[in-house]
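Step one of this worksheet: look at the structure below.
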(Lines of atoms letter the chains of each structure in order from A and count residues from 1; the text may use other names and numbers.)
(Lines give C-alpha, C1' and ligand atoms only; values in the text may rest on other atoms or scores of the structure.)
Protein backbone atom coordinates (compact mmCIF):
# COMPACT_ATOMS: atom_id res chain seq x y z
CA UNK A 1 0.00 0.00 0.00
CA UNK A 2 1.05 3.61 -0.53
CA UNK A 3 1.43 5.67 2.63
CA UNK A 4 -0.28 7.98 3.40
CA UNK A 5 -2.41 7.93 0.25
CA UNK A 6 -3.99 4.51 0.84
CA UNK A 7 -4.61 4.89 4.57
CA UNK A 8 -8.40 4.66 4.98
CA UNK A 9 -9.99 7.76 6.47
CA UNK A 10 -12.63 6.90 9.07
CA UNK A 11 -15.10 9.51 10.32
CA UNK A 12 -18.01 9.63 12.73
CA UNK A 13 -19.56 11.97 15.31
CA UNK A 14 -17.14 14.82 14.78
CA UNK A 15 -13.89 12.84 14.77
CA UNK A 16 -11.62 11.91 11.88
CA UNK A 17 -9.09 9.08 11.80
CA UNK A 18 -6.36 9.58 9.24
CA UNK A 19 -2.66 9.09 8.55
CA UNK A 20 -0.20 10.89 10.86
CA UNK A 21 1.51 13.97 9.41
CA UNK A 22 4.65 15.89 10.28
CA UNK A 23 2.50 18.76 11.52
CA UNK A 24 1.27 16.38 14.25
CA UNK A 25 4.75 15.98 15.74
CA UNK A 26 4.53 18.75 18.34
CA UNK A 27 1.24 17.43 19.71
CA UNK A 28 2.62 13.88 19.70
CA UNK A 29 5.54 14.99 21.87
CA UNK A 30 3.13 16.69 24.28
CA UNK A 31 1.05 13.52 24.53
CA UNK A 32 3.88 11.04 24.99
CA UNK A 33 5.73 13.27 27.46
CA UNK A 34 2.59 13.58 29.59
CA UNK A 35 3.17 11.84 32.98
CA UNK A 36 -0.06 9.85 32.78
CA UNK A 37 0.76 8.64 29.27
CA UNK A 38 4.24 7.64 30.35
CA UNK A 39 2.96 5.72 33.37
CA UNK A 40 0.09 3.90 31.67
CA UNK A 41 1.53 3.49 28.17
CA UNK A 42 5.19 3.03 29.07
CA UNK A 43 6.37 5.70 26.63
CA UNK A 44 10.04 6.66 27.07
CA UNK A 45 10.63 9.61 29.43
CA UNK A 46 13.00 11.19 26.90
CA UNK A 47 10.49 11.01 24.03
CA UNK A 48 11.33 14.01 21.83
CA UNK A 49 10.68 15.59 18.44
CA UNK A 50 13.19 13.33 16.67
CA UNK A 51 11.45 10.25 18.06
CA UNK A 52 8.06 11.57 16.94
CA UNK A 53 9.35 12.36 13.45
CA UNK A 54 10.80 8.85 13.11
CA UNK A 55 7.41 7.50 14.06
CA UNK A 56 5.63 9.55 11.39
CA UNK A 57 8.18 8.95 8.62
CA UNK A 58 9.46 5.42 9.38
CA UNK A 59 7.74 3.20 11.95
CA UNK A 60 4.10 4.04 11.22
CA UNK A 61 4.44 3.84 7.39
CA UNK A 62 6.31 0.52 7.79
CA UNK A 63 3.47 -0.89 9.90
CA UNK A 64 0.92 0.09 7.26
CA UNK A 65 2.96 -1.29 4.36
CA UNK A 66 3.49 -4.62 6.13
CA UNK A 67 -0.13 -4.73 7.39
CA UNK A 68 1.11 -5.44 10.93
CA UNK A 69 0.37 -2.12 12.69
CA UNK A 70 -2.25 0.28 11.39
CA UNK A 71 -1.97 3.60 13.23
CA UNK A 72 -4.34 6.51 12.80
CA UNK A 73 -4.29 10.01 14.23
CA UNK A 74 -7.49 10.94 16.05
CA UNK A 75 -8.51 14.44 14.94
CA UNK A 76 -11.18 16.51 16.62
CA UNK A 77 -12.05 19.97 15.40
CA UNK A 78 -9.10 19.76 13.04
CA UNK A 79 -6.67 19.25 15.94
CA UNK A 80 -4.53 16.28 16.98
CA UNK A 81 -6.40 14.56 19.82
CA UNK A 82 -4.63 11.19 20.09
CA UNK A 83 -3.73 8.02 18.26
CA UNK A 84 -5.22 4.56 17.80
CA UNK A 85 -3.61 1.39 16.45
CA UNK A 86 -4.79 -1.97 15.17
CA UNK A 87 -2.02 -4.57 15.47
CA UNK A 88 -1.98 -8.07 14.01
CA UNK A 89 -3.69 -9.76 11.12
CA UNK A 90 -4.79 -13.15 9.80
CA UNK A 91 -8.24 -12.63 11.27
CA UNK A 92 -7.25 -11.55 14.77
CA UNK A 93 -5.54 -8.55 16.30
CA UNK A 94 -5.50 -6.01 19.08
CA UNK A 95 -6.42 -2.37 19.56
CA UNK A 96 -4.58 0.27 21.56
CA UNK A 97 -5.22 3.98 21.94
CA UNK A 98 -3.78 7.08 23.57
CA UNK A 99 -5.50 10.42 24.15
CA UNK A 100 -3.82 13.82 24.17
CA UNK A 101 -4.24 15.30 27.68
CA UNK A 102 -6.15 18.31 26.30
CA UNK A 103 -8.84 16.02 24.84
CA UNK A 104 -9.43 13.50 27.60
CA UNK A 105 -12.88 13.01 29.03
CA UNK A 106 -14.68 13.92 25.80
CA UNK A 107 -15.52 10.39 24.65
CA UNK A 108 -13.21 10.63 21.63
CA UNK A 109 -11.37 7.37 22.32
CA UNK A 110 -14.69 5.53 22.56
CA UNK A 111 -15.76 6.85 19.16
CA UNK A 112 -12.36 6.00 17.68
CA UNK A 113 -12.48 2.42 18.98
CA UNK A 114 -15.93 1.92 17.48
CA UNK A 115 -14.63 3.14 14.12
CA UNK A 116 -11.60 0.85 14.04
CA UNK A 117 -13.64 -2.14 15.24
CA UNK A 118 -16.00 -1.63 12.31
CA UNK A 119 -12.97 -1.39 10.00
CA UNK A 120 -11.38 -4.53 11.47
CA UNK A 121 -14.52 -6.63 11.23
CA UNK A 122 -16.20 -5.25 8.11
CA UNK A 123 -13.25 -4.24 5.92
CA UNK A 124 -10.38 -6.46 7.07
CA UNK A 125 -12.53 -9.51 7.79
CA UNK A 126 -11.16 -10.08 11.28
CA UNK A 127 -13.18 -12.25 13.64
CA UNK A 128 -11.75 -11.15 17.01
CA UNK A 129 -10.02 -8.08 18.50
CA UNK A 130 -8.35 -8.01 21.91
CA UNK A 131 -7.60 -5.08 24.20
CA UNK A 132 -5.14 -4.74 27.07
CA UNK A 133 -4.07 -2.14 29.63
CA UNK A 134 -2.14 -2.04 32.88
CA UNK A 135 -4.30 -2.78 35.89
CA UNK A 136 -5.53 0.50 37.35
CA UNK A 137 -5.97 2.33 34.05
CA UNK A 138 -9.68 2.81 34.64
CA UNK A 139 -10.10 5.39 31.87
CA UNK A 140 -8.89 2.92 29.25
CA UNK A 141 -10.93 0.11 30.75
CA UNK A 142 -14.07 2.21 30.63
CA UNK A 143 -13.52 2.78 26.89
CA UNK A 144 -13.19 -0.98 26.37
CA UNK A 145 -16.34 -1.59 28.44
CA UNK A 146 -18.33 1.05 26.55
CA UNK A 147 -17.43 -0.47 23.19
CA UNK A 148 -18.49 -4.02 24.07
CA UNK A 149 -15.27 -5.75 25.10
CA UNK A 150 -16.05 -8.63 27.46
CA UNK A 151 -14.60 -11.45 29.57
CA UNK A 152 -12.15 -9.14 31.36
CA UNK A 153 -9.40 -10.95 33.22
CA UNK A 154 -6.06 -10.13 34.81
CA UNK A 155 -2.72 -11.54 33.75
CA UNK A 156 -0.16 -11.12 36.51
CA UNK A 157 3.21 -9.67 35.60
CA UNK A 158 2.45 -9.78 31.88
CA UNK A 159 2.86 -6.13 30.89
CA UNK A 160 6.43 -4.81 30.40
CA UNK A 161 7.09 -1.27 31.64
CA UNK A 162 10.33 0.46 32.64
CA UNK A 163 12.20 -2.79 33.10
CA UNK A 164 9.53 -4.40 35.28
CA UNK A 165 6.45 -6.51 34.76
CA UNK A 166 3.05 -5.16 35.75
CA UNK A 167 -0.35 -6.80 35.96
CA UNK A 168 -2.46 -6.32 32.88
CA UNK A 169 -6.17 -6.45 32.05
CA UNK A 170 -7.16 -8.34 28.91
CA UNK A 171 -10.54 -8.48 27.15
CA UNK A 172 -11.83 -9.21 23.67
CA UNK A 173 -14.75 -8.77 21.30
CA UNK A 174 -15.88 -10.90 18.36
CA UNK A 175 -17.21 -9.88 14.98
CA UNK A 176 -20.79 -10.82 15.84
CA UNK A 177 -20.74 -9.48 19.41
CA UNK A 178 -22.76 -6.42 20.41
CA UNK A 179 -20.52 -3.35 20.60
CA UNK A 180 -22.26 -2.08 23.71
CA UNK A 181 -21.61 -2.49 27.46
CA UNK A 182 -22.33 -6.00 28.72
CA UNK A 183 -23.05 -5.03 32.32
CA UNK A 184 -23.72 -2.07 34.57
CA UNK A 185 -20.65 -0.15 35.68
CA UNK A 186 -21.96 1.00 39.03
CA UNK A 187 -21.38 4.56 40.13
CA UNK A 188 -21.22 5.51 43.81
CA UNK A 189 -23.40 8.55 44.44
CA UNK A 190 -22.64 10.71 47.46
CA UNK A 191 -25.51 10.53 49.95
CA UNK A 192 -25.59 13.19 52.65
CA UNK A 193 -27.39 12.85 55.99
CA UNK A 194 -27.11 14.76 59.25
CA UNK A 195 -25.24 11.91 60.96
CA UNK A 196 -23.03 10.57 58.19
CA UNK A 197 -22.02 10.83 54.56
CA UNK A 198 -22.03 7.86 52.19
CA UNK A 199 -19.37 8.16 49.48
CA UNK A 200 -17.00 6.07 47.41
CA UNK A 201 -13.71 4.74 48.74
CA UNK A 202 -10.62 6.87 48.13
CA UNK A 203 -6.95 5.96 48.32
CA UNK A 204 -6.72 8.20 51.40
CA UNK A 205 -9.05 5.77 53.24
CA UNK A 206 -6.50 2.95 53.22
CA UNK A 207 -5.14 3.52 56.73
CA UNK A 208 -8.57 3.72 58.38
CA UNK A 209 -9.79 0.72 56.35
CA UNK A 210 -6.81 -1.28 57.60
CA UNK A 211 -7.57 -0.26 61.19
CA UNK A 212 -11.20 -1.34 60.77
CA UNK A 213 -10.38 -4.76 59.37
CA UNK A 214 -7.44 -5.43 61.70
CA UNK A 215 -9.68 -5.03 64.75
CA UNK A 216 -10.01 -8.24 66.79
CA UNK A 217 -13.80 -8.27 66.65
CA UNK A 218 -13.81 -7.84 62.88
CA UNK A 219 -11.17 -10.53 62.44
CA UNK A 220 -13.17 -12.91 64.63
CA UNK A 221 -16.34 -12.69 62.56
CA UNK A 222 -14.64 -12.36 59.17
CA UNK A 223 -12.26 -15.30 59.35
CA UNK A 224 -11.45 -15.04 55.66
CA UNK A 225 -9.55 -11.79 56.20
CA UNK A 226 -5.76 -11.93 56.49
CA UNK A 227 -4.50 -11.68 60.07
CA UNK A 228 -2.92 -9.26 60.62
CA UNK A 229 -4.74 -7.07 58.12
CA UNK A 230 -2.32 -4.40 56.92
CA UNK A 231 -2.12 -1.48 54.55
CA UNK A 232 -1.40 -3.65 51.51
CA UNK A 233 -4.45 -5.78 52.30
CA UNK A 234 -6.57 -2.62 52.49
CA UNK A 235 -5.23 -1.46 49.12
CA UNK A 236 -6.21 -4.81 47.61
CA UNK A 237 -9.66 -4.52 49.20
CA UNK A 238 -10.18 -1.12 47.55
CA UNK A 239 -8.98 -2.51 44.22
CA UNK A 240 -11.41 -5.44 44.44
CA UNK A 241 -14.22 -3.01 45.19
CA UNK A 242 -13.46 -0.97 42.08
CA UNK A 243 -13.24 -4.15 40.05
CA UNK A 244 -16.64 -5.16 41.39
CA UNK A 245 -18.16 -1.85 40.32
CA UNK A 246 -16.72 -2.22 36.82
CA UNK A 247 -17.97 -5.79 36.43
CA UNK A 248 -21.44 -5.02 37.78
CA UNK A 249 -20.92 -7.35 40.73
CA UNK A 250 -20.95 -4.91 43.62
CA UNK A 251 -21.01 -1.33 44.83
CA UNK A 252 -19.72 -0.09 48.16
CA UNK A 253 -19.91 3.07 50.23
CA UNK A 254 -17.69 4.47 52.93
CA UNK A 255 -19.68 5.62 55.94
CA UNK A 256 -17.90 8.90 56.65
CA UNK A 257 -18.09 11.58 59.33
CA UNK A 258 -20.08 14.48 57.80
CA UNK A 259 -17.66 17.06 59.21
CA UNK A 260 -14.21 15.43 58.95
CA UNK A 261 -15.00 12.99 56.11
CA UNK A 262 -13.12 10.34 58.10
CA UNK A 263 -14.02 6.69 57.51
CA UNK A 264 -16.33 5.29 60.20
CA UNK A 265 -17.34 2.08 58.44
CA UNK A 266 -18.55 0.73 55.14
CA UNK A 267 -21.67 -0.77 53.55
CA UNK A 268 -21.74 -2.70 50.29
CA UNK A 269 -24.22 -4.48 48.06
CA UNK A 270 -22.74 -7.44 46.20
CA UNK A 271 -23.79 -10.53 44.27
CA UNK A 272 -25.58 -8.32 41.72
CA UNK A 273 -24.32 -9.94 38.51
CA UNK A 274 -25.57 -13.49 38.96
CA UNK A 275 -26.37 -15.34 35.74
CA UNK A 276 -29.68 -16.54 37.20
CA UNK A 277 -30.90 -13.34 38.90
CA UNK A 278 -29.64 -9.81 38.38
CA UNK A 279 -32.34 -8.21 40.51
CA UNK A 280 -31.09 -9.39 43.91
CA UNK A 281 -28.14 -8.47 46.09
CA UNK A 282 -26.52 -9.19 49.43
CA UNK A 283 -25.63 -6.46 51.91
CA UNK A 284 -22.43 -6.51 53.93
CA UNK A 285 -21.21 -3.97 56.47
CA UNK A 286 -18.40 -3.22 58.91
CA UNK A 287 -17.80 -0.59 61.57
CA UNK A 288 -14.54 1.06 62.59
CA UNK A 289 -14.01 0.42 66.32
CA UNK A 290 -14.43 4.14 67.03
CA UNK A 291 -17.92 4.13 65.46
CA UNK A 292 -19.50 1.20 67.28
CA UNK A 293 -22.46 1.52 69.61
CA UNK A 294 -23.83 4.67 67.95
CA UNK A 295 -26.31 3.13 65.51
CA UNK A 296 -24.42 4.59 62.56
CA UNK A 297 -24.10 1.36 60.61
CA UNK A 298 -27.75 0.49 61.20
CA UNK A 299 -28.76 3.88 59.81
CA UNK A 300 -26.28 3.66 56.93
CA UNK A 301 -27.61 0.24 55.93
CA UNK A 302 -31.12 1.71 55.95
CA UNK A 303 -30.06 4.45 53.56
CA UNK A 304 -28.30 1.95 51.28
CA UNK A 305 -31.49 -0.15 51.20
CA UNK A 306 -33.36 2.87 49.83
CA UNK A 307 -30.70 3.31 47.15
CA UNK A 308 -30.73 -0.39 46.31
CA UNK A 309 -34.50 -0.47 45.73
CA UNK A 310 -34.47 2.72 43.65
CA UNK A 311 -34.83 1.99 39.89
CA UNK A 312 -31.66 2.09 37.84
CA UNK A 313 -33.00 4.86 35.60
CA UNK A 314 -33.42 6.98 38.74
CA UNK A 315 -29.81 6.43 39.82
CA UNK A 316 -30.43 3.40 42.05
CA UNK A 317 -29.43 -0.24 41.90
CA UNK A 318 -32.76 -1.61 40.71
CA UNK A 319 -32.94 -4.46 43.23
CA UNK A 320 -36.18 -6.26 44.11
CA UNK A 321 -34.71 -8.46 46.86
CA UNK A 322 -31.89 -8.00 49.38
CA UNK A 323 -30.26 -10.51 51.67
CA UNK A 324 -28.12 -10.33 54.80
CA UNK A 325 -26.21 -13.26 56.28
CA UNK A 326 -24.88 -13.05 59.83
CA UNK A 327 -23.18 -15.55 62.13
CA UNK A 328 -25.58 -16.82 64.78
CA UNK A 329 -23.32 -15.47 67.51
CA UNK A 330 -22.86 -12.03 65.94
CA UNK A 331 -25.66 -10.24 67.78
CA UNK A 332 -24.57 -6.78 66.55
CA UNK A 333 -24.84 -7.80 62.91
CA UNK A 334 -28.17 -9.53 63.49
CA UNK A 335 -29.50 -6.39 65.18
CA UNK A 336 -28.65 -4.33 62.08
CA UNK A 337 -30.69 -6.69 59.90
CA UNK A 338 -33.68 -6.82 62.24
CA UNK A 339 -33.70 -3.05 62.83
CA UNK A 340 -33.98 -2.54 59.08
CA UNK A 341 -37.01 -4.79 58.70
CA UNK A 342 -35.33 -7.91 57.33
CA UNK A 343 -37.12 -11.22 57.86
CA UNK A 344 -35.26 -14.22 59.25
CA UNK A 345 -35.83 -16.88 56.60
CA UNK A 346 -33.52 -19.69 57.62
CA UNK A 347 -30.28 -20.97 59.07
CA UNK A 348 -27.34 -22.48 57.22
CA UNK A 349 -26.00 -24.93 59.75
CA UNK A 350 -22.26 -24.92 60.53
CA UNK A 351 -21.64 -22.72 57.46
CA UNK A 352 -19.47 -19.91 58.89
CA UNK A 353 -15.82 -20.79 59.46
CA UNK A 354 -13.90 -19.58 62.52
CA UNK A 355 -10.11 -19.28 62.75
CA UNK A 356 -9.91 -21.99 65.42
CA UNK A 357 -11.36 -24.52 62.99
CA UNK A 358 -14.89 -24.44 64.39
CA UNK A 359 -18.02 -23.49 62.48
CA UNK A 360 -20.93 -21.25 63.42
CA UNK A 361 -24.45 -21.33 62.04
CA UNK A 362 -25.23 -18.61 59.51
CA UNK A 363 -28.57 -16.83 59.89
CA UNK A 364 -30.15 -15.72 56.61
CA UNK A 365 -32.40 -12.65 56.37
CA UNK A 366 -34.14 -11.19 53.35
CA UNK A 367 -36.08 -8.06 52.44
CA UNK A 368 -38.30 -7.68 49.39
CA UNK A 369 -39.13 -4.38 47.77
CA UNK A 370 -42.79 -5.31 48.32
CA UNK A 371 -42.11 -5.46 52.07
CA UNK A 372 -41.52 -1.72 52.01
CA UNK A 373 -45.06 -0.99 50.94
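In the numbering used here, the protein residues as written are 123 to 495.
Note that beta-carbon positions come from the ideal geometry of N, C-alpha and C, so glycine has one too.
Would you report the Cα separation of residue i and residue j, rounded to the nearest angstrom?
i, j, result
"residue 187", "residue 219", "20 angstroms"
"residue 155", "residue 224", "13 angstroms"
"residue 431", "residue 137", "40 angstroms"
"residue 192", "residue 185", "6 angstroms"
"residue 483", "residue 350", "25 angstroms"
"residue 365", "residue 258", "9 angstroms"
"residue 458", "residue 466", "12 angstroms"
"residue 491", "residue 355", "35 angstroms"
"residue 201", "residue 141", "13 angstroms"
"residue 420", "residue 277", "39 angstroms"
"residue 268", "residue 344", "35 angstroms"
"residue 310", "residue 222", "28 angstroms"
"residue 415", "residue 452", "14 angstroms"
"residue 477", "residue 470", "18 angstroms"
"residue 166", "residue 160", "7 angstroms"
"residue 217", "residue 150", "19 angstroms"
"residue 370", "residue 435", "15 angstroms"
"residue 363", "residue 357", "10 angstroms"
"residue 305", "residue 395", "8 angstroms"
"residue 194", "residue 327", "41 angstroms"
"residue 495", "residue 397", "28 angstroms"
"residue 353", "residue 189", "47 angstroms"
"residue 518", "residue 303", "Examination of residue 518 is not possible in this model, given that the chain is present from 123 through 495 alone."
"residue 208", "residue 242", "8 angstroms"
"residue 134", "residue 211", "24 angstroms"
"residue 427", "residue 473", "25 angstroms"
"residue 461", "residue 331", "25 angstroms"
"residue 383", "residue 172", "48 angstroms"
"residue 298", "residue 205", "26 angstroms"
"residue 244", "residue 296", "12 angstroms"
"residue 124", "residue 275", "38 angstroms"
"residue 170", "residue 203", "18 angstroms"
"residue 158", "residue 126", "29 angstroms"
Taking residue i as part of the alpha helix (DSSP H), name the residues at either end of that continuous run.
i, result
"residue 185", "182-188"
"residue 475", "Per DSSP, residue 475 belongs to no alpha helix (DSSP H); it is in the beta strand (DSSP E), 465-475."
"residue 428", "418-431"
"residue 134", "Not the alpha helix (DSSP H): residue 134 falls in the beta strand (DSSP E), residues 132-134."
"residue 435", "First-last for residue 435: undefined, no H or E at that position."
"residue 382", "Counting along the chain, residue 382 falls outside any alpha helix (DSSP H), and DSSP gives it neither H nor E."
"residue 239", "230-240"
"residue 455", "453-461"
"residue 175", "171-176"
Go to residue i, then tell me how far its beta strand (DSSP E) extends in each direction, as first and last residue.
i, result
"residue 201", "201-211"
"residue 326", "Element bounds for residue 326: n/a, residue is neither H nor E."
"residue 137", "137-140"
"residue 443", "443-449"
Please report the Cβ distance between residue i and residue j, rounded to the nearest whole angstrom; I am assuming they are in contact, meaning their Cβ atoms lie under 8 angstroms.
i, j, result
"residue 255", "residue 273", "Rounded, the Cβ-Cβ distance is 15 angstroms, inconsistent with contact."
"residue 231", "residue 265", "5 angstroms"
"residue 234", "residue 196", "5 angstroms"
"residue 213", "residue 164", "Actually they are not in contact, since the Cβ atoms of residue 213 and residue 164 sit about 27 angstroms apart, beyond 8 angstroms."
"residue 373", "residue 439", "7 angstroms"
"residue 418", "residue 386", "6 angstroms"
"residue 131", "residue 144", "The pair is not a contact, with the Cβ atoms about 18 angstroms apart (cut-off 8 angstroms)."
"residue 291", "residue 367", "Not confirmed; about 14 angstroms, so no contact."
"residue 489", "residue 468", "Between residue 468 and residue 489 the Cβ distance is about 14 angstroms, and since that is not below 8 angstroms, they are no contact."
"residue 251", "residue 239", "6 angstroms"
Taking DSSP's pairing of strands, which residues face residue i in a bridge?
i, result
"residue 389", "375, 407"
"residue 290", "256, 277"
"residue 340", "None; residue 340 has no bridge partner."
"residue 482", "474"
"residue 193", "207"
"residue 221", "204"
"residue 354", "Per DSSP, none; premise fails for residue 354."
"residue 157", "Beta-bridge pairing links residue 157 to no other residue."
"residue 296", "250"
"residue 129", "Residue 129 is not bridged to any residue."
"residue 282", "287"
"residue 215", "210, 251"
"residue 314", "319"
"residue 490", "443"
"residue 198", "137, 201"
"residue 272", "294"
"residue 165", "None; residue 165 has no bridge partner."
The stretch 326-341 / the stretch 406-414 touching (three or more Cβ pairs under 8 angstroms) = yes
Per the contact definition of three or more C-beta pairs closer than 8 angstroms, is the stretch 313-328 in contact with the stretch 368-381?
-> yes
Counting pairs of beta carbons, one from the stretch 285-304 and one from the stretch 389-397, are three or more of them closer than 8 angstroms?
-> no
Touching by the beta-carbon criterion (3+ pairs, under 8 angstroms), the stretch 395-404 and the stretch 425-445 = yes
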